[in-house]
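Visitor: Each residue of the sequence shown is one higher than the last, beginning at 1058 in our numbering.
The C-beta atom is built at its ideal place from N, Cα and C for all residues, glycine as well.
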Amino acid sequence: MTLDASRDPASPANAILADTHATGSRRLGLALVGVLCGAVAALAMLLLMLAGRSWLGVSPPFEALPDRFAPTLDISTFFSLFGRFGGYNGLKRFGILSGLGGLLALGVLFGLLYSLVVESAASRRMTWRNGISPRGAAFIAGAAVVLWIGTVVILWPVLGANYRGLPPGAAQAASMLFLAAAYALFAAVLVLGYRWLTSRSTAISNDAPAPLGAPVGRRVVLAGAAGLILAAASGALLRALNARAAFSYDGLAYSGPGVQPIAPADKFYTVTKNVVDPDVLSSVWRLEIGGMVEEPRTYDFAALQALPGIEQESTLMCISNQIGAGLMSNAVWTGVRLRDLLEASRPLPGAVEVFLRAADGYTDTFSIDKALEPETLVAYAINGAPLPQRHGFPARVVVPGLFGEKNVKWVTRIDVIDYDARGFYEQQGWGPSFVIPTRSDIFAPRWVRKRGDAFVEPFAVGKQATIRGRAFAGNRGIQRVEYSLDDGETWHESRIDYAGTDLTWTFWSFDWTPDAPGEFTIVSRAVDGTGEPQIAERRSIVPQGATGLHRVVATVA
Ligand SMILES: Nc1nc2c(c(=O)[nH]1)N[C@H]1C(S)=C(S)[C@@H](COP(=O)(O)O)O[C@H]1N2
Ligand SMILES: [Mo]
1058 MTLDASRDPA SPANAILADT HATGSRRLGL ALVGVLCGAV AALAMLLLML AGRSWLGVSP
1118 PFEALPDRFA PTLDISTFFS LFGRFGGYNG LKRFGILSGL GGLLALGVLF GLLYSLVVES
1178 AASRRMTWRN GISPRGAAFI AGAAVVLWIG TVVILWPVLG ANYRGLPPGA AQAASMLFLA
1238 AAYALFAAVL VLGYRWLTSR STAISNDAPA PLGAPVGRRV VLAGAAGLIL AAASGALLRA
1298 LNARAAFSYD GLAYSGPGVQ PIAPADKFYT VTKNVVDPDV LSSVWRLEIG GMVEEPRTYD
1358 FAALQALPGI EQESTLMCIS NQIGAGLMSN AVWTGVRLRD LLEASRPLPG AVEVFLRAAD
1418 GYTDTFSIDK ALEPETLVAY AINGAPLPQR HGFPARVVVP GLFGEKNVKW VTRIDVIDYD
1478 ARGFYEQQGW GPSFVIPTRS DIFAPRWVRK RGDAFVEPFA VGKQATIRGR AFAGNRGIQR
1538 VEYSLDDGET WHESRIDYAG TDLTWTFWSF DWTPDAPGEF TIVSRAVDGT GEPQIAERRS
1598 IVPQGATGLH RVVATVA
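1) Quick test of your reading: valine 1456 and leucine 1361, contact by CB under 8 Å. State the CB separation rounded to the nearest angstrom.
2) Around the C-beta of glutamine 1317, are 16 or more other C-beta atoms found within 10 angstroms, so that it is buried, or is it exposed?
3) Would arginine 1525 pass as a contact of serine 1566 if the rule is Cβ separation under 8 Å?
4) Whole angstroms is fine: what's the gap from glutamate 1400's alpha carbon to methionine 1349's?
5) Sorry if obvious, but does the Cβ on valine 1328 come closer than 7 Å to a heavy atom of ligand 2?
6) Would alanine 1302 and valine 1215 be called neighbours here (beta carbons separated by less than 8 Å)?
7) In or out: isoleucine 1286 buried (at least 16 other Cβ within 10 Å) or exposed?
8) For arginine 1508, which of Ala1416, Arg1608 and Phe1119 has the nearest alpha-carbon?
9) Give every residue of the same chain whose Cβ lies closer than 6 Å to the Cβ of threonine 1578, excluding the five residues on either side of it in the sequence, and list them in chain order.
10) Thinking just about the alpha-carbon of each residue, which of Asp1498, Ala1127, Val1454 and Arg1084 is nearest to the one in serine 1177?
11) Use the C-beta contact count for threonine 1433: other C-beta atoms within 10 angstroms, 16 or more gives buried, fewer gives exposed.
12) Taking asparagine 1299 as part of the alpha helix (DSSP H), name the residues at either end of that continuous run.
13) Count the other CB atoms, across all protein chains shown, that sit within 10 Å of the CB of histidine 1448; report buried if there are 16 or more and exposed otherwise.
14) Determine, using beta carbons only, whether threonine 1612 and aspartate 1568 come nearer to each other than 8 Å.
15) What does the alpha-carbon distance come out to for the pair valine 1538 and phenylalanine 1529?
16) So, using beta-carbon positions, are glycine 1461 and isoleucine 1376 closer together than 8 Å?
17) Quick check on DSSP: helix, strand or coil for asparagine 1146?
18) Is lysine 1427 near ligand 1, going by C-beta to nearest heavy atom under 7 Å?
19) Look at the Cβ atom of isoleucine 1319, then the Cβ atom of valine 1389, and state whether they are nearer than 8 Å.
20) Measure the C-alpha to C-alpha separation of tyrosine 1220 and valine 1393 and round it to an integer number of angstroms.
21) Under 8 Å by Cβ, that's how I've got leucine 1384 and alanine 1310 pegged, so tell me the actual separation to the nearest angstrom.
22) Taking the straight line between their C-alpha atoms, what separation do you get for proline 1268 and leucine 1166?
23) Taking the continuous beta strand (DSSP E) assigned at valine 1580, which residues delimit it?
24) On the CB-based measure, 16 or more other CB atoms within 10 Å of its CB, does glycine 1284 come out buried or exposed?
25) Just to confirm my understanding: we take glutamate 1576, look at its own chain, exclude 5 residues before and 5 after, and list those with CB closer than 8 Å. What are they?
26) So threonine 1391 and alanine 1438 are supposed to be a Cβ contact under 8 Å. How far apart are they, rounded?
27) For the segment 1094-1112 against the segment 1133-1148, are there 3 or more C-beta pairs whose distance is under 8 Å?
28) Does at least one heavy atom of ligand 2 sit under 7 Å from the Cβ of glycine 1308?
29) Which complete beta strand (DSSP E) runs does the segment 1326-1365 hold, if anything under 3 residues is left out?
30) Any idea what DSSP makes of valine 1454, helix, strand or coil?
31) So, for leucine 1395: in the same chain, excluding its five sequence neighbours on each side, which residues have a beta-carbon less than 8 Å away from its beta-carbon?
32) Pairs of beta-carbons, one from the segment 1363-1377 and one from the segment 1416-1424, closer than 8 Å: are there three or more?
33) Have a look at valine 1599 and serine 1291 and give me their C-alpha separation to the nearest angstrom.
34) Can you check whether the CB of isoleucine 1346 is closer than 8 Å to the CB of valine 1409?
35) Arginine 1110 to aspartate 1124, Cα distance in whole Å?
36) With H, G and I counted as helix, E and B as strand and the rest as coil, what does DSSP make of alanine 1536?
Pasting the structure below:
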């Protein structure tokens, strides 16, 4: 069994030493072949997952895992991670990249373990079929099944995501099947690859194990090349997904002197939990109404649009919108009243909430009373045109009066439930109230946020300027907006430029001709449609949205 010809085979001591040395390096070589096979198999599996994500909308584990665990973070951890990883986008990127890294590391680990099992003496004592160790095959099949069960259990709450728009039940089945296919591909590539890369002779006697396999150098090089090709293909798919990622528009604000009463759809503020938003096919998409109803129903896109619909102007605002900031916009929505959809399915007595699910696995809830209000819509158009992808194509919920997160985009299922459930962000500890507090702010002339907010350009003594702002009170409307030029000492009524409706923001303004140089702190305060004044006390966005007055310092020269 001496493989090293340079040593003197005549010396028994040397022969044994050489044999041990050769066996050691052979074992190392085989372990490296295992690692290589594991890496190639993981890359093949990665490519399948990326193809499934790109074309079938199946969420791969490295995307589903962050979604699974983001809601379990409490808000302060969530924000401190923003700080550590460079904002929400940085955190999302980190989540995906560590998932990708973990997947490849697991592949390599299982490749190594597979090689150790296959080359163990116990394995080499057995009868192999078609050059495959039964022990190795059992090990990798068992590992794949255990991993599959583990993944399904851990990812269970998010398996209902399908970025092409399959409703949750079908999406869950698709996710589970696809995972099984991906793990089976991994196991098959690993087993067949390892077989192809090692040559071996069979056992001589029944009690002595067959010798170790020997790596086939030329094939190892080819396998390495195959790995590089797979990596390049995965890289191309990852780059294509990255080009569609929400990084460039997540957190898009609508603010400044250019804001219009009705925002163009492409300027409408945008917030999403996703790295890559759903790309829903309206032909695949369904809206299911279920849970505690007498008659569950499923609507396709044509059926939804064929129902009697309404047009409704309403304003949407994110709970994270700071006073004065632009995570708010107003638009005209077209859609079906959620009430009509629910009544067609006849909710059973005892209904407490509706539980909404979306193509991206997002969830949220609101009370059945809110769901039955005539202003709560399943909308399929914005400003007369189909919803843009990033705003929830083909359909989203619009719930006037409640913060943006309740306005579920890409909605695929609405269940009537008889208990108090919590949505994606709600689980982090936001709320419990999602009713929008009254607010007002100044958007023109342009100001910047330094230590406080200050107008960019100085005002001139004797020259008239117009200060413009907006006010919003959820679904309560705005009665009037007052302004102060002396940091809240004295107040004056502003002029209303755009009244809107109870469901929208209001634009207000006043003209000001400064009569003396100096610094002036301009403040606004609104009164909602029920006569309640805006809360002046400053509260942070956590956990129920910000309150407080908007102050902007003007310098008069
Ligand atoms: N399916 C789904 N719906 C969602 C979200 C999401 O990430 N996924 N984000 C919510 C949040 S936090 C906000 S503020 C609004 C933003 O809606 P917009 O992007 O159309 O302005 O959508 C809500 N609906
Ligand atoms: Mo939000």
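Guide: Quick look at the numbers:
1) Position 399 of the sequence shown, counted from the start, is the residue given in the question as residue 1456. Position 304 of the sequence shown, counted from the start, is the residue given in the question as residue 1361. Their Cβ separation, rounded to whole angstroms, is 17 Å, which puts valine 1456 and leucine 1361 out of contact at 8 Å.
2) In the sequence shown, the residue the question calls residue 1317 occupies position 260. By the Cβ neighbour-count rule, glutamine 1317 is exposed, with fewer than 16 other Cβ atoms within 10 Å of its own.
3) For the purposes of this step, residue 1525 is taken as the residue at position 468 of the sequence shown. For the purposes of this step, residue 1566 is taken as the residue at position 509 of the sequence shown. Yes.
4) The residue you call residue 1400 lines up with position 343 of the sequence shown. The residue you call residue 1349 lines up with position 292 of the sequence shown. Whole-angstrom Cα-Cα distance: 12 Å.
5) Locating residue 1328 in the sequence shown gives position 271, counting from the first residue. Under cutoff, so the answer is yes.
6) Indexing the sequence shown from 1 puts residue 1302 at position 245. Indexing the sequence shown from 1 puts residue 1215 at position 158. With contacts defined by Cβ atoms closer than 8 Å, alanine 1302 and valine 1215 do not form a contacting pair.
7) Taking the sequence shown and counting its residues from 1, one reaches residue 1286 at position 229. With fewer than 16 Cβ atoms within 10 Å of its Cβ, isoleucine 1286 is classed as exposed.
8) Along the sequence shown, read from residue 1 onward, the residue named residue 1508 stands at position 451. Minimum Cα distance to arginine 1508 is reached at Arg1608.
9) Translated into positions along the sequence shown, residue 1578 becomes position 521. Answer for threonine 1578: Asp1544, Arg1608 and Val1610, listed in chain order.
10) What you label residue 1177 is simply residue 120 of the sequence shown in a count that begins at 1. Comparing Cα-Cα distances from serine 1177 to each of Asp1498, Ala1127, Val1454 and Arg1084, the minimum goes to Arg1084.
11) Along the sequence shown, one-based indexing puts residue 1433 at 376. When all chains shown are included, threonine 1433 counts as buried.
12) On the sequence shown, residue 1299 is found 242 positions in, with the first residue counted as 1. Start and end: 1274-1300.
13) Residue numbering aside, residue 1448 sits at position 391 when the sequence shown is read from its first letter. Histidine 1448 is buried by the Cβ-count criterion.
14) Looking up residue 1612 in the sequence shown gives position 555. Looking up residue 1568 in the sequence shown gives position 511. No, the Cβ-Cβ distance between threonine 1612 and aspartate 1568 is not below 8 Å.
15) Position 481 of the sequence shown, counting from 1, holds the residue named residue 1538. Position 472 of the sequence shown, counting from 1, holds the residue named residue 1529. Approximately 10 Å between the Cα atoms of the pair.
16) The residue you call residue 1461 lines up with position 404 of the sequence shown. The residue you call residue 1376 lines up with position 319 of the sequence shown. Between glycine 1461 and isoleucine 1376, the C-beta gap is smaller than 8 Å, which places the two residues in contact.
17) Position 89 of the sequence shown, counted from the first residue, corresponds to residue 1146. Reduced to three states, the DSSP call for asparagine 1146 is helix.
18) Sequence index remark: in the sequence shown, residue 1427 carries index 370 (1-based). Flag unset: Cβ of lysine 1427 not near ligand 1.
19) For the purposes of this step, residue 1319 is identified with residue 262 of the sequence shown, where counting begins at 1. For the purposes of this step, residue 1389 is identified with residue 332 of the sequence shown, where counting begins at 1. Going by C-beta atoms, isoleucine 1319 is nearer than 8 Å to valine 1389.
20) For this step, residue 1220 is matched to residue 163 along the sequence shown. For this step, residue 1393 is matched to residue 336 along the sequence shown. Cα to Cα, the separation comes out at about 23 Å.
21) If you number the sequence shown from 1, residue 1384 lands on position 327. If you number the sequence shown from 1, residue 1310 lands on position 253. Indeed, because the Cβ distance is near 6 Å, the residues count as touching under 8 Å.
22) Taking the first residue of the sequence shown as position 1, residue 1268 is located at position 211. Taking the first residue of the sequence shown as position 1, residue 1166 is located at position 109. Rounded to whole angstroms, proline 1268 to leucine 1166 spans 24 Å at the Cα level.
23) To locate residue 1580, count along the sequence shown from 1; it is residue 523. Start and end: 1575-1585.
24) Looking up residue 1284 in the sequence shown gives position 227. It is buried - the Cβ of glycine 1284 has at least 16 other Cβ atoms within 10 Å.
25) Within the sequence shown, residue 1576 is the residue found at index 519, counting from 1. These residues qualify, in order along the chain: Val1610, Ala1611, Thr1612 and Val1613.
26) As a position in the sequence shown, residue 1391 is number 334, starting the count at 1. As a position in the sequence shown, residue 1438 is number 381, starting the count at 1. With 8 Å as the limit, threonine 1391 and alanine 1438 qualify as a contact, their Cβ atoms being about 4 Å apart.
27) Result no; under three Cβ-Cβ pairs closer than 8 Å.
28) One-based indexing of the sequence shown puts residue 1308 at position 251. Flag unset: Cβ of glycine 1308 not near ligand 2.
29) 1344-1348 and 1354-1356
30) Walking along the sequence shown from the start, residue 1454 turns up at place 397. Note: valine 1454 maps to strand in three-state DSSP.
31) What you label residue 1395 is simply residue 338 of the sequence shown in a count that begins at 1. These residues qualify, in order along the chain: Val1411, Ala1428, Leu1429, Thr1433, Leu1434, Val1435, Val1454 and Ile1471.
32) With a cut-off of 8 Å on Cβ pairs, the segment 1363-1377 is not in contact with the segment 1416-1424, counting fewer than three such pairs.
33) Within the sequence shown, the letter at position 542 stands for residue 1599. Within the sequence shown, the letter at position 234 stands for residue 1291. Taking the straight line from one Cα to the other gives about 40 Å.
34) Residue 1409 sits at position 352 when you count from the first residue of the sequence shown. Residue 1346 sits at position 289 when you count from the first residue of the sequence shown. Going by C-beta atoms, valine 1409 is not nearer than 8 Å to isoleucine 1346.
35) By 1-based counting over the sequence shown, the position of residue 1110 is 53. By 1-based counting over the sequence shown, the position of residue 1124 is 67. Cα to Cα, the separation comes out at about 15 Å.
36) Residue numbering aside, residue 1536 sits at position 479 when the sequence shown is read from its first letter. The sequence shown places glutamine at residue 1536, rather than the alanine named in the question. Strand, per DSSP.
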